[in-house]
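Peer 1: Residues 74 to 276 in our numbering are what the sequence shown spells out, letter by letter.
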Amino acid sequence: MAATRLLLMRHGEPAAEPGRLLGSRIDPGLSLRGRADSAEAGSRLRQRIGVGLVVCSPQRRAVETALLAFPSTAITLDERLEEQDFGELTGLTWPEAKRSHGDRARAWRSGAAAAPGGESPEELRARAVAAATAAAAANANPNADGEIVLMTHHTPIRALIASARGWPAADWRRISVPWTGLRVVRCRALGIVGDVAGVVAAR
Numbered sequence: 074m075a076a077t078r079l080l081l082m083r084h085g086e087p088a089a090e091p092g093r094l095l096g097s098r099i100d101p102g103l104s105l106r107g108r109a110d111s112a113e114a115g116s117r118l119r120q121r122i123g124v125g126l127v128v129c130s131p132q133r134r135a136v137e138t139a140l141l142a143f144p145s146t147a148i149t150l151d152e153r154l155e156e157q158d159f160g161e162l163t164g165l166t167w168p169e170a171k172r173s174h175g176d177r178a179r180a181w182r183s184g185a186a187a188a189p190g191g192e193s194p195e196e197l198r199a200r201a202v203a204a205a206t207a208a209a210a211a212n213a214n215p216n217a218d219g220e221i222v223l224m225t226h227h228t229p230i231r232a233l234i235a236s237a238r239g240w241p242a243a244d245w246r247r248i249s250v251p252w253t254g255l256r257v258v259r260c261r262a263l264g265i266v267g268d269v270a271g272v273v274a275a276r
C-alpha cells in the first residue's frame, strides 16, 4: 500500500490572551487577525494544490479556520484531532503554571508526564496517529480527488511529526508550527511512515 501524503495545518490565532495554555478545555474562536490569516493561508494553498478533504478538530478555532481557508471543501470532524488536555494547567500562563504546580508543570512541559489532571503525551500521540491513519484510508476512495488536510492544533501536529521522525515525547518541544502553518507527513494503514517537510505559512 502506497503512503498517503497528509497536510497538517494549525488553526489561526485564537481570540484569547497571548500566552494562555488553552488545551482542549477552553474553546475560543479566532481573533480578527486569525480570521484574516486563515483566509489568506487557504487562498495561497489552493493556488498551489487541490484540496479534496479536510479532517478537522471540532474545536471552534480549528473549525473557523477550516471554513475560512477551504470554503468549498468537504469538512469532516474528528475529536481525535483536538488539542491536548492540559488538565489543571488549562487557562494559566506558563509563569502561573510554574508557581501553582512546580515540578509537575515542568515535567509536563518537558514531555515527561501528563499535566496534572490532564492527558499524557502518549495518549495524545495515539489518538492523533489514529486520526491520521483513518484520514489516509480515505485516499482509497476511488472518488477522492485532491490532497487531504488535517486541521488541528500545535501539540497534535508536534506528535505526528515526532512519530514520523521516531522522536520521543521529550523532543516534541523542538518542533514549532506558526498559526496557519503547514507541515507534511506520509501515512499508511500501519501508521506514520515519515517523509516530513515544511510547506507554507500565511506570513
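Note that beta-carbon positions come from the ideal geometry of N, C-alpha and C, so glycine has one too.
Which first and last residues belong to the alpha helix (DSSP H) in which GLU192 is found?
Peer 2: Taking the sequence shown and counting its residues from 1, the one referred to as residue 192 is at position 119. Counting along the chain, GLU192 falls outside any alpha helix (DSSP H), and DSSP gives it neither H nor E.
Peer 1: Can you grab the Cα-Cα spacing for the pair ARG83 / GLY115, in whole Å?
Peer 2: For the purposes of this step, residue 83 is taken as the residue at position 10 of the sequence shown. For the purposes of this step, residue 115 is taken as the residue at position 42 of the sequence shown. C-alpha separation (whole angstroms): 12 Å.
Peer 1: Roughly how many whole angstroms lie between the Cα atoms of ALA204 and GLN132?
Peer 2: Translated into positions along the sequence shown, residue 204 becomes position 131. Translated into positions along the sequence shown, residue 132 becomes position 59. Their Cα atoms are separated by approximately 15 Å.
Peer 1: May I have the straight-line CA-CA distance separating VAL124 from ALA109, to the nearest angstrom?
Peer 2: To locate residue 124, count along the sequence shown from 1; it is residue 51. To locate residue 109, count along the sequence shown from 1; it is residue 36. Taking the straight line from one Cα to the other gives about 20 Å.
Peer 1: Once the 5 residues before and after ALA242 are set aside, which same chain residues still bring their CB inside 6 Å of it?
Peer 2: Within the sequence shown, residue 242 is the residue found at index 169, counting from 1. Around ALA242: GLY184, PRO194.
Peer 1: For GLU86, count the other beta carbons within 10 Å of its own beta carbon; 16 or more makes it buried, fewer makes it exposed. Which is it?
Peer 2: The residue you call residue 86 lines up with position 13 of the sequence shown. Result: buried.
Peer 1: According to DSSP, is PRO131 helix, strand or coil?
Peer 2: Mapped onto the sequence shown, residue 131 falls at position 58. PRO131: coil per DSSP, three-state reduction.
Peer 1: Can you list, in chain order, the residues of its chain with a C-beta nearer than 6 Å to that of LYS171? Leave out the 5 residues immediately preceding and following it.
Peer 2: Position 98 of the sequence shown, counted from the start, is the residue given in the question as residue 171. These residues qualify, in order along the chain: ALA178.
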